[in-house]
Structures are given as C-alpha cells and as structure tokens.
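Those protein sequences? They're chains A and B, same order as listed.
Heads up: the first sequence begins at -10 in our numbering, then just goes up one per residue.
Heads up: the second sequence begins at -10 in our numbering, then just goes up one per residue.
Structure first, commentary second.
There are 2 protein chains.
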Amino acid sequence: MNAHTKSCLAQKLSHYAELDEASLESIARFEREEKDFAKNDEVYQEGDQNIHLYVVKKGWLYSYADLKDGRRQIVEIHHPGDIVGFPDIAFTERTTVLRAAEDVRLCPFPKKDLDEVFKRAPQLAALLFALAVRNQVIMIDFLRAIGRMSARERIAYLLLDLQARLRITNTTMTTTFRLPLNQTEISDVLGLTNVYVSRSFTALEKDGLIRRSNGSVEILEEDRMKRICDFSDRHTKLDTSWFPDGTPVEA
Amino acid sequence: MNAHTKSCLAQKLSHYAELDEASLESIARFEREEKDFAKNDEVYQEGDQNIHLYVVKKGWLYSYADLKDGRRQIVEIHHPGDIVGFPDIAFTERTTVLRAAEDVRLCPFPKKDLDEVFKRAPQLAALLFALAVRNQVIMIDFLRAIGRMSARERIAYLLLDLQARLRITNTTMTTTFRLPLNQTEISDVLGLTNVYVSRSFTALEKDGLIRRSNGSVEILEEDRMKRICDFSDRHTKLDTSWFPDGTPVEA
DNA sequence: CGGGTCGTTGACCGTGATCAAGTAACGTGG
DNA sequence: CCACGTTACTTGATCACGGTCAACGACCCG
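See below:
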C-alpha cells in the first residue's frame, strides 16, 4: 500500500491535522495486514494477552465488560477508521471483550509499533494522544448520560452521538443512518433493558423526533433532540494548536 | 526546584517507569508555579479557555459536568500527584468544571509545554499516553458500575477504587482512609441521590463491611467487598514494555 | 413448514427518587 | 455563655421509572 493512498484511517486522521511524511508512513504500517470476522465473532476476550491494536476497515464492533452474574455493559462502539484497543495498551491483559456487531474487516498491528511512532513521528504521537484523551471526554459525556439521564434522554443522546461520529468520515450523510445493533445491545450501551429500549424508541417515534425503518434511524428534529439531552458534539473539532512540528491546522 | 528532588508527581510517575533525564526535567518544568484554592473554589468552568494543565500538590478535587436542569455528574476525582485537565487538551474549551473538595494546592502549567515533551522526551510522552489511556479503562470500569450495579455495589466499588488509588503514593496505607467528600458529592459520582447514599452506607456498615468515623472510612472486609462489585485494581500495574528508550521497568 | 431471532406489549414489582421532618455538629455574634 | 444559622447526615412515607416475566407477532432462513 502506498503511503499516500488515503485509507479509512488516514482519512479520519487527516480530518484533524495535515499529516507529515513520517506520520503517513507509520499509518501505512498499521494497515499492512487484514483479517475478517463474522457477525458476533469475539475478536478477543477479557484476560487475553494484549499484543495487537486493530484498525477498523469495515463494519461496526463494540467492546463490552461483563459482571460475573451476566449483566453486561457495552463501553464503546467502534466504526470504520477507528483504532481499537488503546485503552488496554497500558495493561498486559485485555480488560474488555471485542465483538463484531456485523461482518467486519480489521487490520491488526502490534502495539510495539507505537514506540517507533513516539520516537520518529511526534506529530502522529500527539494526534493519537489527542484522540485518546478526546475519547475520554466522550466517555465522560456517556457517564453523565447513564448516571443522570432518563431512558428517553439516553436514547436521544446515543443517536446524536452516533450521527456526529458517522459524519466525520461520511460528510455527505444527512439525517438517516444504519444502526446495526439490536435493542438488547443498545440496552447494554445505555444501562437499560431491551424492553425499555423498545418502549422508549416507540415513545420517541410517537413524538415525531425520529423515524425507524428496517435497521435505519432517521433523526427528524435534530434541534429538539439536542435540547432533550443537552448534547454537544465532541467529534468534529479538535484543538491541535499544541502539536509539535508538522503544519498543525484547526479542523 | 532540582530535577532530582522527587515531587509528588515524579514519585507517582516513577512508580511506573524509571524516568530518564529528559523526562525528569520536563516534570520539573510542570511544577514551577504554585497556586492555592479554598474548599469549594472552582478552578475553571465549563466553556473557559483551556490553556493550562494542573499538577495536584495537596488536597482532593473533582471534575463534574452539569445538565441544564441542575442534575450533576462528577466524572473524576483528583488526588495529589495527579495531572488534571488531560481530557480537555484536545479541545479549546473546558468540558467540565474543576472544583476543590477541600483546601488544595495546584501547579498550573501551559499545555503548550507538552510539545516539548513529544519532541524531546518520548519516554515521558509514552508514559503520559499510557496514563491517559489507563484513565479510560478506569472510566470504563465506572461506566460498568453506574450502568449495571445496584447502589450498594456502586459504593463498594467507589471505596475500593479510592483505596487502590491512594495506595500508589502512600504505600504504608492500610485499610483506613480519609474521605473528604460529602454524601451529596458521592451521590453525584455514582449517579444516586444523597439520601440513598446515606441508606446504602448504613447498610454496608450494618453488614460489617465498612466502618465510618468522622470523615474516614475503614474497609473491614476487603475480599467480600471485592466480590460484591467484581472489583479489579487498575492502578498498581502498568505495562510499559512498549515504551521507547529509557530503561522501561515492569512495576 | 419449523425453529430462530428480534421487537412489541401487558401485568406486576422493586429499587431508588422525592419530599419532608428531625438531629447533630459546627461556627458566628450577642 | 447561649441563641442562631448553616451544613451534613439520618429516617420515614410515598411514588415512579424502569426492571422482570411472559406471551405474541413479524421476519428470516433452512
């Protein structure tokens, strides 16, 4: 693969900063290998050795944590262009399970590759750092949603969040998007039950806020939705002014 | 300040890796300035310009996010030796409010200082990166707690988490620690109400799991507590094997 | 056609929220 | 010294959001 052919990852990262040569080369190295997984496959388990990171090429996945008694919390949803596995690089073992929400294609690469990034591509290192901490902000927002919002508000929040994330790579996207998660999975994202997700979805639909049709969601009243759950988009803007070298840009 | 006098921050970071010269110098630069804040002072507000990071020298603080209707979620508790503000460095504005839980002393330093770290001290950059992503794991654990645990379990979780964190810098600590948060604040951490925190605390005490006396908590049955909430310590171990240079150590 | 998954709907229940009153500890000023 | 406000915690009574259990229909695929 040519370092200048923009992969899904390069495209997502370029959205935030004009990448220098060293950075582009590193990214290309991340995507040398490809591996496919079927829907519901579990790429790794909690407790597995933790050697690789994964670039998502195609399809949605999610990471979840179990309680011993079977309760489950989905803690992150992964889309094409995301790098999966960062939270675990500080540990030798996986702390969550990674499962394919549909058929997916991943690019595994060893986390040891990162030391090269830190030594040779400080700009990319800074960008990865920025994305890692941004993820934390996104999780903070989710914490707030799960800790303090009603079921309806949480669903509104999730839909708006997904929409904002998908808009980064798909700039033409309007208000409709595919949602390849069933209601049990959604309930595990939001700390609810599948039954109550169903009821809340129906309620939102009756209120004219959204419309559903076979696996897709349309957000009809974005503004009202945003007011319901006090939504703020953390995805489109990133402050890169403190980055070293390269030609940092405000995206 | 001499780069080799171990500050609270240097001490915490050294716990994870043997720091090289460049790294120690950077750390010293972080702590040039000192500033005191009184209990309940708000160091910064949501929406403030976001120029500084802070090293905590003394006292507890917490970061919280508000909903418009007054509901509040505390998303992180900060202890001496922590660096506060990382989640926001990817943004130009603050996404949370930082408030002093008691009288505190902070060392503000400009986030622009980080570009030097990325260029000159790749080892420290990697460590900060590791700590940032570890934070994400800690938040994942909290998400799971708030999304899927009962009130009692959440309180058990919080107490064990605090204990594990305090043990990093205070290795002599046994089972008792000071808890300078009132029950309303605890309820805002755990997504409960102050009333129910009170009831759950009383219940845990009646069960013989903990004991309380004026602002301190003693964990009487650590093992049983851990089983209740399926606790795993994310604080003591860190995988530094992928770090560049320096002399990485497994702590 | 039969079996699977998924979403919906109903009836009932329980955890934890809400509202409210009461107590204890503390500092303040007279 | 006491009257006072304030803040923190506790306890009780009631309520509601969302959980639980169960039945049913739609759809898909073999």
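Yeah, the Cβ is synthetic: ideal placement off N, Cα and C, and Gly gets one too.
ask   = Which residues of chain B have a Cβ atom closer than 8 Å to the Cβ of T225(A), listed in chain order?
value = Within 8 Å Cβ-Cβ: nothing; T225(A) doesn't reach chain B, min ~11 Å.
message = Between which two residues does the alpha helix (DSSP H) holding F190(B) run?
response = 183 to 195
task = Step through the CB atoms of chain B and report whether any lies within less than 8 Å of the CB of L50(A).
result = no
task = Mark S15(A) as exposed unless 16 or more other C-beta atoms lie within 10 angstroms of its C-beta, in which case mark it buried.
result = buried
key: Cβ-heavy atom distance, E10(B) to the ligand GDP, below 7 Å   = Here there are no bound small molecules, and the ligand GDP is not part of this structure.
request  = Using a Cβ-Cβ cut-off of 8 Å, state whether D228(B) counts as contacting chain A.
outcome  = yes
Residues sharing a beta bridge with V45(A), DSSP = L95(A)
key: Per-residue burial, P69(A) [other beta carbons within 10 Å of its own, 16 or more giving buried]   = buried
request  = Report back the beta-carbon spacing between V122(B) and V45(B) to the nearest angstrom; my notes put them in contact at under 8 Å.
outcome  = V122(B) to V45(B), Cβ: 20 Å. No contact.
request  = Determine the DSSP secondary structure at A79(B), reduced to helix, strand or coil.
outcome  = coil
ask   = Taking the DSSP output, what are the residues bridged to Q285(A)?
value = Past the boundaries of the shown model lies residue 285(A); chain A is included only from -10 to 240, so the question cannot be answered.
Which of helix, strand or coil DSSP assigns to E105(A) = helix
message = What does the alpha-carbon distance come out to for the pair F131(A) and D228(A)?
response = 21 Å
Identity of the residue in I127(A), G74(A), K24(A), E10(A) nearest N39(A) by Cα = G74(A)
task = Please work out which residues of its chain come closer than 7 Å, Cβ to Cβ, to T85(B), disregarding the five sequence neighbours upstream and downstream, and give them in chain order.
result = E35, S52, Y53, A54, V64
key: Proximity below 8 Å, CB of Y43(B) to CB of C96(B)   = yes
task = Indicate whether at least one CB of chain B lies closer than 8 Å to the CB of D9(A).
result = no
key: Among A(-1)(B), S189(B), L170(B), L117(B), the one whose alpha carbon lies nearest that of I78(B)   = L117(B)
query = Nearest chain A C-beta to L13(B) closer than 8 Å, yes or no?
reply = no
message = Our contact map puts S189(B) next to I144(B) with C-beta atoms below 8 Å; I'd like the distance itself, whole angstroms only.
response = 5 Å
task = Could you tell me which chain B residues have their CB closer than 8 Å to the CB of V126(A), listed as they occur along the chain?
result = P76, D77, A79, F80, T84
query = So what's F220(A) in DSSP terms, helix, strand or just coil?
reply = coil
task = Indicate whether at least one CB of chain B lies closer than 8 Å to the CB of Q172(A).
result = no
ask   = Do we get a CB-CB distance below 8 Å when we pair K195(A) with the residues of chain B?
value = no
query = In terms of alpha-carbon separation, which member of V32(B), D58(B), C218(B) lies closest to R133(B)?
reply = C218(B)
ask   = Rounded to whole angstroms, how far is the Cβ of Q125(B) from the Cβ of N124(A), which I believe are closer than 8 Å?
value = 6 Å
message = For T225(B), which residues in the same chain have their Cβ closer than 6 Å to its Cβ, ignoring the five residues on either side in sequence?
response = none
key: Under 7 Å (Cβ pairs) to chain A, residues found in the region 145 to 165 of chain B   = none
ask   = So, using beta-carbon positions, are A115(A) and F232(A) closer together than 8 Å?
value = yes
inquiry  = Measuring alpha carbon to alpha carbon, tell me which residue in V32(A), L13(A), G59(A) is nearest E105(A).
reply    = L13(A)
ask   = Just how far apart, CA to CA, sit A110(A) and N183(B)?
value = 49 Å
Reduced DSSP secondary structure (H/G/I, E/B, other) of K100(A) = coil
key: Neighbourhood of N171(B) by C-beta distance below 7 Å, restricted to the same chain and skipping five residues each side   = none
ask   = Should the region 145 to 161 of chain A be called in touch with the region 202 to 220 of chain A, which here means at least 3 C-beta pairs below 8 Å?
value = yes
ask   = So with Cβ pairs under 8 Å, would you call Q34(A) a contact of chain B?
value = no
request  = Identify whether S52(B) lies in helix, strand or coil by the three-state DSSP scheme.
outcome  = strand
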